[in-house]
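Okay, structure first, notes after.
Residue numbers (our numbering): 965 to 1387.
Printed below as a string of structure tokens:
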């Protein structure tokens, strides 16, 4: 369950970096934005107490991560609720609540042209998300931007708790998220030749999905309603590629390289934060990989009868990853899924082979080289190159295998087994 583990957080310098003549501050001519929300102390999604008489104001966050104060201030009522009229008119804003050493924050995005925003309840997790988002924008590249939706997806209660205890830093978590987003975008752009328009549509889809989450979590809902809102958000984020017109196989490989890059370039994180981020990346990868493999089976005249069984294995993979308590358990879940897919390929095509053993033997050297390259890489591009090389070698090795060639379905078999192995 998300949105939990709240403790008052003092923000060490609210990152007013960048407040210079180039930062485009709001002025009196800007259209007024009306933001409504609530400030609470929360623990295990049960409201412990509304924060009454807290001062609430807004900040603008630009694309470089500069945070600027905006005109307008209000106070919360006895229920912790507020209605703030502000001159803030950026696409992404931060709502800040302060009272007697207490400080909490949340990100807010405007819905349409009306500039009316129903912000998420301010709590520990939204505070962590706001701080990580600012840090991510300060590290961001121009082509693959980190969005509020990316941060909300990866920063859960575990990461928030580690930030509160200073077990890890905003910059470290931001760097891990940024690496994953950057790898995903660059794979699509340079390996799959997706257009700028497609990448921009993905960013727009993320903005829409975050807006829906923001509205859903604005209400003082039950714990179950909150859980449902988060589940819907996570499902929508998993579908961003499809909604932007990206094919299933491209989505799978881009999610794979995102997870690999996050793992390789997330040094310095606490054990808990590292596992939390990796688990989310594994889940995204599982959703995309499962969809790609099922789609491949559905498109094959003979193997299509096995598509339902593959879909069940993909669902089991996701459930196992979601309940995993260690990286060893996540890796075991992937091994089980690859084995299940090999069984369905073998059965669907009547190969009469121990396909798992064959794939393991055929790809052993290529996999060892791939892992060595990833482990020694210090850049996103190097990891993308290593994965592209492995995929090419894997497909060539499987397609040229005499036992697989004899089936007459070498291309299908090589493609499916590469999808589940190129990770």
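Just so you know, even glycine gets a beta-carbon here, dropped at the ideal spot from N, CA and C.
Item to check | Beta-carbon contacts of residue 1249 that lie in its chain and below 6 Å, excluding the five residues immediately before and after | outcome: Contacts found: 1219, 1220, 1223.
Checklist entry - Who does residue 1025 pair with in a DSSP beta bridge? => result Paired residues: 1031, 1056.
Checklist entry - In the DSSP assignment, what are the bridge partners of residue 1067? => result Partner(s): 1062.
Item to check | Distance between residue 1080 and residue 1361 (C-alpha atoms, nearest Å) | outcome: Using only the alpha carbons, I get a separation of about 57 Å.
Next on the checklist: Pairs of beta-carbons, one from the region 1304 to 1312 and one from the region 1258 to 1273, closer than 8 Å: are there three or more?
Outcome noted: At 8 Å Cβ cutoff, the stretches touch.
Next on the checklist: Going by DSSP, what residue range makes up the alpha helix (DSSP H) through residue 1226?
Outcome noted: Start and end: 1212 to 1228.
Item to check | Residue closest to residue 1238, alpha-carbon to alpha-carbon, out of 1123, 1172, 1276 | outcome: Checking every option, the nearest Cα to that of residue 1238 belongs to 1123.
Next on the checklist: According to DSSP, residue 1020 sits in a beta bridge with which residue or residues?
Outcome noted: 1038, 1061, per the DSSP bridge assignment.
Checklist entry - For the 8 Å Cβ check, are there 3 or more pairs between the region 1199 to 1215 and the region 1158 to 1175? => result Result yes; three or more Cβ-Cβ pairs closer than 8 Å.
Item to check | Other residues of its chain near residue 985: CB distance less than 7 Å, five sequence neighbours each side excluded | outcome: Unreliable placement is indicated for residue 985, whose pLDDT of 34 sits below 50; the coordinate value is still reported in the next sentence. Taken in chain order, the list of residues that qualify is empty.
Checklist entry - Near residue 1315, what residues of its chain come up, given a Cβ to Cβ distance below 6 Å and the 5 sequence neighbours on each side ignored? => result Hits under 6 Å: 1371.
Checklist entry - According to DSSP, is residue 1105 helix, strand or coil? => result Three-state DSSP puts residue 1105 in coil, outside helix and strand.
Checklist entry - For the putative contact between residue 1226 and residue 1143, defined by C-beta atoms under 8 Å, what is the C-beta separation to the nearest angstrom? => result That belief holds up - the Cβ atoms of residue 1226 and residue 1143 are roughly 6 Å apart, short of 8 Å.
Checklist entry - Quick one, are the C-beta atoms of residue 1019 and residue 995 less than 8 Å apart? => result No, they are not a contact pair.
Checklist entry - Using the C-alpha atoms, what's the distance from residue 1257 back to residue 1381? => result Spanning the two alpha carbons is a distance of roughly 9 Å.
Checklist entry - Taking the alpha helix (DSSP H) that residue 1002 falls in, what are its first and last residues? => result Looking at the DSSP string, residue 1002 is not in any alpha helix (DSSP H); the run it does join, the beta strand (DSSP E), is 997 to 1002.
Next on the checklist: Across the region 1141 to 1158 and the region 1104 to 1117, are there enough close Cβ pairs to call them in contact, namely three or more that are closer than 8 Å?
Outcome noted: Contact between the region 1141 to 1158 and the region 1104 to 1117 is present: three or more C-beta pairs spanning the two stretches fall below 8 Å.
Next on the checklist: Mapping the DSSP letters down to three states, classify residue 1014 as helix, strand or coil.
Outcome noted: DSSP places residue 1014 in the strand class (E or B) of the three-state scheme.
Next on the checklist: Quick check on the DSSP output: what are the complete alpha helix (DSSP H) runs of length 4 or more inside the region 1182 to 1207, in order along the chain?
Outcome noted: Those alpha helix (DSSP H) runs which fall completely within the region 1182 to 1207 and span 4+ residues are 1187 to 1202, 1204 to 1207.
Item to check | Opening and closing residue of the alpha helix (DSSP H) in which residue 1470 lies | outcome: The first residue shown for the chain is 965 and the last is 1387, placing residue 1470 beyond what the model contains.
Item to check | Pairwise C-alpha distance: residue 1379 and residue 1088 | outcome: Cα to Cα, the separation comes out at about 44 Å.
Checklist entry - Between 1034, 1241, 1313, which lies nearest to residue 1056 when the distance is taken from Cα to Cα? => result If we check each option's Cα against that of residue 1056, 1034 comes out closest.
Next on the checklist: Tell me which residue opens and which closes the beta strand (DSSP E) that residue 1081 is part of.
Outcome noted: Residue 1081 -> beta strand (DSSP E) spans 1080 to 1082.
Item to check | Coarse secondary structure for residue 1386, derived from DSSP in three states | outcome: Reduced to three states, the DSSP call for residue 1386 is coil.
Next on the checklist: One question on the structure: do residue 1330 and residue 1357 come within less than 8 Å of each other, judged by their Cβ atoms?
Outcome noted: A contact, by the Cβ cut-off of 8 Å.
Checklist entry - Is the beta carbon of residue 1210 less than 8 Å from the beta carbon of residue 1148? => result Contact: no.
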